[in-house]
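Chains as they are written, first to last, in the working numbering: chain A, 838 to 981; chain B, 838 to 981.
The structure appears right after this line, and notes come after that.
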DNA sequence: TCGTATTAGTTGATTTTGTAACTAACAAGC
DNA sequence: GCTTGTTAGTTACAAAATCAACTAATACGA
């Protein structure tokens, strides 16, 4: 029985964070997966378009800190679901302006509502103080 | 632009948790990947064996909350690296008792040391109060 | 002791992700 | 104009995660 050190996985921050992230994501993930057949990256991209309006893939990459291939695939998937439309920019044809379709906006509103409800449910496990501090701590760790 | 609700991704707990988990894991992950060619699941399994001594794959599944296919593949990988040995149990030949080899124990000690140092580094971004509360909160969320 | 259910663990097929190389459009210097 | 460099986005291939089906050993009731 190795008592090599007093280190304990159960207190290892990356481990705890991963565990909490997994558990907390599962229910909401299941929601958009079963209701709209969407993946996490698709939800994130849809969210950014819904929240901030028309933008290019590059802008989404920067804002969401996502790699361009992830965004590219998510955009293609959302397009094939008719949740967004693209239009090549006139003055720079490398850019594609992305915008949600009415259908995409409906999905956005529904997911936003659902997300808010999930967040409330999670928050209720913690005191108001804990809630505030938790978000602060996570921000520090994620270097936001 | 859509002011559908006051919901903001930047405060959505699952999102923040995933972000913090990703960022905080990256450096350590790089360490055991480059030094020992190990995957996250392998590190977790190795850790459990190092910390708790000999156990079966099933016990690891339960303790680490991992699916059996993940553990099965991690065990196979660790075995091929000669970091663990398996021995079929006598009184129930479905069970395999797993234990680290001396080489595996050396790796365990090294990774444990590295993890502890890395955890310290992360902890320094937070006050002692925040540290304690953060771990409490994460525990609540992960239903530990 | 036979049939059924359960448990431990593995394997294979399918999906998803990650990495790197690629195309196309533009910009800037010469 | 032509080269060189940079940027936006896609594609192709490899690594990995997921899910379901499978084998083998045991338990347990009729």
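Glycine included, each C-beta is placed from N, C-alpha and C at the ideal position.
- DSSP places residue 917 of chain A in the uninterrupted alpha helix (DSSP H) bounded by 905 to 917.
- When secondary structure is reduced to three states using DSSP, residue 893 of chain B falls in the strand class.
- Within chain B, no C-beta atom comes nearer than 9 Å to that of residue 898 of chain A; the closest sits roughly 15 Å away.
- When Cβ-Cβ separations below 7 Å define contact, residue 915 of chain A makes no contact with chain B.
- At a cut-off of 7 Å, the C-beta of residue 949 of chain B has a neighbouring C-beta in chain A.
- Non-local beta-carbon contacts of residue 886 of chain A in its own chain, meaning distances under 8 Å to residues more than five positions away in sequence, involve 892, 897, 921, 935, 936, 937, 941 and 945 in chain order.
- In the structure shown, residue 924 of chain B adopts extended strand secondary structure according to DSSP, grouped into three states.
- In this structure, the straight-line span from the alpha carbon of residue 882 of chain B to that of residue 931 of chain A is close to 47 Å.
- Here DSSP, grouped into helix, strand and coil, assigns residue 936 of chain A to strand.
- When rounded, the separation of the alpha-carbon atoms in residue 865 of chain B and residue 862 of chain A is 23 Å.
- Within chain B, 978, 979 and 980 have C-beta atoms less than 8 Å from the C-beta of residue 860 of chain A, given in sequence order.
- Here residue 980 of chain A is actually not in contact with residue 963 of chain B; their C-beta atoms are around 13 Å apart, not less than 8 Å.
- Secondary structure at residue 980 of chain A: coil, using DSSP grouped into helix, strand and coil.
- Less than 7 Å divides the Cβ of residue 879 of chain A from the Cβ of residue 915 of chain A.
- Chain A has no Cβ within less than 7 Å of the Cβ of residue 965 of chain B.
- Here residue 949 of chain B is buried: its Cβ has 16 or more other Cβ atoms, across all protein chains shown, within 10 Å.
- Contact note: residue 972 of chain A reaches chain B through 848 and 853, using a C-beta cutoff of 7 Å and chain order.
- In the structure shown, the three-state DSSP call for residue 849 of chain B is coil.
- Contacts with chain B at 7 Å (Cβ-Cβ) do not include residue 934 of chain A.
- Interface residue (Cβ-Cβ distance to chain B less than 7 Å): residue 929 of chain A is not classified as such.
- Chain order gives the chain A residues near residue 856 of chain B as 902, 975, 979 and 981, where near means a beta carbon separation below 8 Å.
- For residue 873 of chain B, the closest of B/895, B/943, B/924 and B/851 by C-alpha to C-alpha distance is B/943.
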